[in-house]
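Residue numbers (our numbering), protein chains in the order written: chain W, 1 to 267; chain P, 1 to 319.
Report on the structure given below.
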Amino acid sequence: MRLAILGSILAALLVTAAGSAMAAAAESDGAPVLKIEPRILGGSLFSRHYQTVVITGTCPEKCEVVVKVISPTGAFKLNKAGKSLGFVWVPSGHAEVTEIPVMYAVLCSTKISSILSPAEQERAGLCPDFRGIYQQAKIRFEKDVPRDERTALHKEYVAGLIKIFMEDGLYQYREGAVKMDSRTFTARLVYPANAPPGDYKIFCYVIEAGRARLLCQDKLLVKSSREVEWLSYYAHAKPAIYGIFSALVAVAVGLLVGIVLGRRTGR
Amino acid sequence: MPGQGDKMDIYLPIAHMSINVFFLIGLGGLVGFLSGLFGVGGGFLLTPLLIFAGIPPMVAAASDSNQIVAAASSGAYTHSRMGNVDFKMGIVLLLGGITGGSVGVQIIKMLAALGEVDFVIKLVYVVILGVIGSFMFIESLNALRGRKDVREYTAPSEPKESGLRKLAMKLPWQVNFDKSRLTTSVIFPFFLGTFVGILAAIMGVGGGFIMVPAMIYILGMPTIVAIGTDLFQIVLTCINVTIQQAIRNHTVDLILVVVLFFGSSVGAQVGARVGKRLRGEQLRILLAIIVLLVMIKMLYDLLVTPGNPISLAGGGGGH
Numbered sequence: 001m002r003l004a005i006l007g008s009i010l011a012a013l014l015v016t017a018a019g020s021a022m023a024a025a026a027e028s029d030g031a032p033v034l035k036i037e038p039r040i041l042g043g044s045l046f047s048r049h050y051q052t053v054v055i056t057g058t059c060p061e062k063c064e065v066v067v068k069v070i071s072p073t074g075a076f077k078l079n080k081a082g083k084s085l086g087f088v089w090v091p092s093g094h095a096e097v098t099e100i101p102v103m104y105a106v107l108c109s110t111k112i113s114s115i116l117s118p119a120e121q122e123r124a125g126l127c128p129d130f131r132g133i134y135q136q137a138k139i140r141f142e143k144d145v146p147r148d149e150r151t152a153l154h155k156e157y158v159a160g161l162i163k164i165f166m167e168d169g170l171y172q173y174r175e176g177a178v179k180m181d182s183r184t185f186t187a188r189l190v191y192p193a194n195a196p197p198g199d200y201k202i203f204c205y206v207i208e209a210g211r212a213r214l215l216c217q218d219k220l221l222v223k224s225s226r227e228v229e230w231l232s233y234y235a236h237a238k239p240a241i242y243g244i245f246s247a248l249v250a251v252a253v254g255l256l257v258g259i260v261l262g263r264r265t266g267r
Numbered sequence: 001m002p003g004q005g006d007k008m009d010i011y012l013p014i015a016h017m018s019i020n021v022f023f024l025i026g027l028g029g030l031v032g033f034l035s036g037l038f039g040v041g042g043g044f045l046l047t048p049l050l051i052f053a054g055i056p057p058m059v060a061a062a063s064d065s066n067q068i069v070a071a072a073s074s075g076a077y078t079h080s081r082m083g084n085v086d087f088k089m090g091i092v093l094l095l096g097g098i099t100g101g102s103v104g105v106q107i108i109k110m111l112a113a114l115g116e117v118d119f120v121i122k123l124v125y126v127v128i129l130g131v132i133g134s135f136m137f138i139e140s141l142n143a144l145r146g147r148k149d150v151r152e153y154t155a156p157s158e159p160k161e162s163g164l165r166k167l168a169m170k171l172p173w174q175v176n177f178d179k180s181r182l183t184t185s186v187i188f189p190f191f192l193g194t195f196v197g198i199l200a201a202i203m204g205v206g207g208g209f210i211m212v213p214a215m216i217y218i219l220g221m222p223t224i225v226a227i228g229t230d231l232f233q234i235v236l237t238c239i240n241v242t243i244q245q246a247i248r249n250h251t252v253d254l255i256l257v258v259v260l261f262f263g264s265s266v267g268a269q270v271g272a273r274v275g276k277r278l279r280g281e282q283l284r285i286l287l288a289i290i291v292l293l294v295m296i297k298m299l300y301d302l303l304v305t306p307g308n309p310i311s312l313a314g315g316g317g318g319h
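Here it is as structure tokens:
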């Protein structure tokens, strides 16, 4: 009986030790252990101008890490400005760009051009100028465009949209946003309040000998607030109810203020 | 511990953007202050300022119309209690306003489909603000120089008969408006309402800056009744524009409206108190300068080479 108990304890200890050893081995190999804080970003009507999402993970020693974050895609109607009458800027062309991520962030531990060749940057989709997006995005022109002008116009529209996104903080290329500490890395993603909800893909690359190797990938879930969802739903799905509700709210608030001020001024 | 930006933003679900809430309240407060100071609706200042703040022009104009409903309801309630509303005239103006508002919303929808709406809204603002600002500036300058009695402009006891007024009296469908102490054809106020309704939809304004002088100088209504009746028709015309914009263009941002109104109602009270300490002609020349500055900024945006030739059609959204 004693021998059986002793045997069980010994077996349990052996299993635990083996598990720990395997975990340690996996960590030393740079196996995917990714921690995202917070993992779910809950939206609210009132929010800070931006939130910081901290992504930590393990990686091999003496390497550089690049973290790429991609949001769901969207569709955008765009205008191209052109001069009319020689002095006034008017919309001269229209197109719709689809299948373009609304947020795209490349965060790295050091200057990316110093660790990856342009070809390797393009292969891994880690270009500081977001070059990969040009191929991914689709475009539909409002009017027929000559075939030889399509490529240049496609590039011009997508570049313009990326510039708008960069100004809004949605497209980011940030050197030094990933801090290395022996076998761990910590990336700080600045998440702007106007970024869309949805599933965000997070890719972590380790850079070794001039090549980018996908270390691990994970997801960040961004939810919009109930108030925002409710208002968006009614504004688009039930616009008549939304319009009447908006008008009634305005009348009620206006009358309330009128009555309160009327009492105060004695009118 | 995740970090956070130090500014408090509010998300505008229809404009699809996040904006500093105190900035928005301040903007509403500033326009409310000017509105209280000068005794104007302020819609013609609020829409351009919202556009400068990055709100898409279509959303700015539509939401401003809804904000005007709130602002004008308060004034209309007070004036109706004081007996300053000519309801018969108000209904004629309103019929025109509803017609014009519906046409205006349809024009916006058509322009949005063509991708030209932002440009047209800005262009209409440049023209209207340019004309009104210049007129006000010249008139106020003359008043300051003593060429003209300013009080005669703001509260004329016996408005002179204009050519249009004489014409209105010759048109068919003459109706007696007891409260306004006049008999005139309903055709003229109907078309006046239609014109202002179109402007309300395109510019997001109440149109008092056109309607009140027209009622005083062309129709010959007493000033206080003109103001009360104008507020009454503004409330209902802008309710129509709000509902139409919501249905046809989905551009009314209720969150934006409530925040702006919160700021503007406080600002209007402060402005009205400060305004009592200033002379009328000084106030008007100041307002004329503000109107002209806003117009110049809008004109500048149309003339100067844009930093980015590509812009979001309708100003935003999409995702």
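Built from N, CA and C at the ideal position, the CB exists for glycine as well.
Source: prediction; values computed, not measured.
Check: For D199 (chain W) and T58 (chain W), the rounded distance between their alpha carbons; Outcome: 23 Å
Check: Reference T73 (chain W), options W:C127, W:P91, W:K62 and W:A137, closest by Cα; Outcome: W:A137
Check: Cut-off 8 Å between Cβ atoms - residues of its own chain near A324 (chain P), not counting five sequence neighbours on either side; Outcome: Here chain P has residues from 1 to 319 only, and residue 324 (chain P) is not among them.
Check: Own chain residues within Cβ distance below 7 Å of L12 (chain P), not counting five before or after; Outcome: I19, D253, I255 and L256
Check: C204 (chain W) in three-state terms, based on DSSP; Outcome: strand
Check: Closer than 8 Å at the beta carbon, the chain P residues around E156 (chain W); Outcome: P309 and I310
Check: Limits of the beta strand (DSSP E) - the one that S84 (chain W) falls within; Outcome: T73 to S84
Check: Near-chain W residues of the region 11-31 of chain P (beta-carbon distance less than 8 Å), N- to C-terminal order; Outcome: Y11, P13, I14, H16, M17, S18, N20 and V21
Check: Within-8 Å CB hit, G243 (chain W) to chain P; Outcome: yes
Check: Residue of P:T183, P:G104 and P:A72 minimising C-alpha distance to M221 (chain P); Outcome: P:T183
Check: Below-8 Å beta-carbon distance, N66 (chain P) vs any chain W residue; Outcome: yes
Check: CB contact check: A137 (chain W) to chain P, cutoff 8 Å; Outcome: no
Check: C-alpha distance - L302 (chain P) paired with S92 (chain W), whole-angstrom precision; Outcome: 13 Å
Check: Contact with chain P by L85 (chain W), beta-carbon distance below 8 Å; Outcome: no
Check: Bridge partner(s) assigned by DSSP for G93 (chain W); Outcome: W:K80
Check: Contacts that F261 (chain P) makes with chain W (C-beta to C-beta distance below 9 Å); Outcome: A250, V253, G254 and V257
Check: 8 Å Cβ cutoff, E158 (chain P) in contact with chain W; Outcome: Confidence at E158 (chain P) is low in this model, with a pLDDT of 49, below 50, so the placement of that residue should be treated as unreliable; the coordinate-derived value is given next. False, the Cβ-Cβ gap to chain W never drops below 8 Å.
Check: Cβ neighbour criterion (16 or more within 10 Å) applied to D118 (chain P); Outcome: buried
Check: Straight-line Cα distance separating R131 (chain W) from P118 (chain W); Outcome: 10 Å
Check: Given 8 Å, three or more beta-carbon pairs between the region 97-105 of chain P and the region 77-86 of chain W; Outcome: no
Check: Simplified DSSP assignment, three categories, for L274 (chain W); Outcome: It is not possible to answer for residue 274 (chain W), since the shown part of chain W is limited to 1 through 267.
Check: Span separating the alpha-carbon of M8 (chain P) from that of K109 (chain P); Outcome: 34 Å
Check: Secondary structure of C216 (chain W), DSSP reduced to three states; Outcome: strand
Check: Residues near L321 (chain P) in its chain [Cβ-Cβ closer than 6 Å; skip 5 each side]; Outcome: Chain P is shown from 1 up to 319; residue 321 (chain P) falls before or after that span and cannot be answered.
Check: Residues bridged to R174 (chain W) [DSSP beta-bridge criterion]; Outcome: W:L107
Check: The region 203-230 of chain W: positions lying closer than 7 Å to chain B by Cβ; Outcome: No chain B is present in this structure, whose protein chains are W and P.
Check: Neighbourhood of K122 (chain P) by C-beta, 8 Å cutoff - its chain only, sequence neighbours within 5 removed; Outcome: I51, P57, M298, D301 and L302
Check: Bounding residues of the beta strand (DSSP E) (the contiguous stretch that carries G42 (chain W)); Outcome: I40 to G42
Check: Three-state secondary structure (DSSP) of E37 (chain W); Outcome: strand
Check: Boundaries of the beta strand (DSSP E) in which S225 (chain W) is found, first to last residue; Outcome: Run containing S225 (chain W): none; DSSP gives neither H nor E here.
Check: Run of the beta strand (DSSP E) containing D9 (chain P), from where it starts to where it stops; Outcome: M8 to L12
Check: 3-residue-minimum beta strand (DSSP E) runs that sit fully inside the region 140-202 of chain W, ordered along the chain; Outcome: 171-175, 178-181 and 184-192
Check: Outcome for G90 (chain P) when other beta-carbon atoms lying within 10 angstroms are tallied against a minimum of 16; Outcome: buried
Check: Contact with chain P by K143 (chain W), beta-carbon distance below 8 Å; Outcome: no
Check: Under the three-state DSSP convention, the category R81 (chain P) falls into; Outcome: helix
Check: Straight-line gap, M17 (chain P) to L93 (chain P) (C-alpha atoms, nearest Å); Outcome: 36 Å
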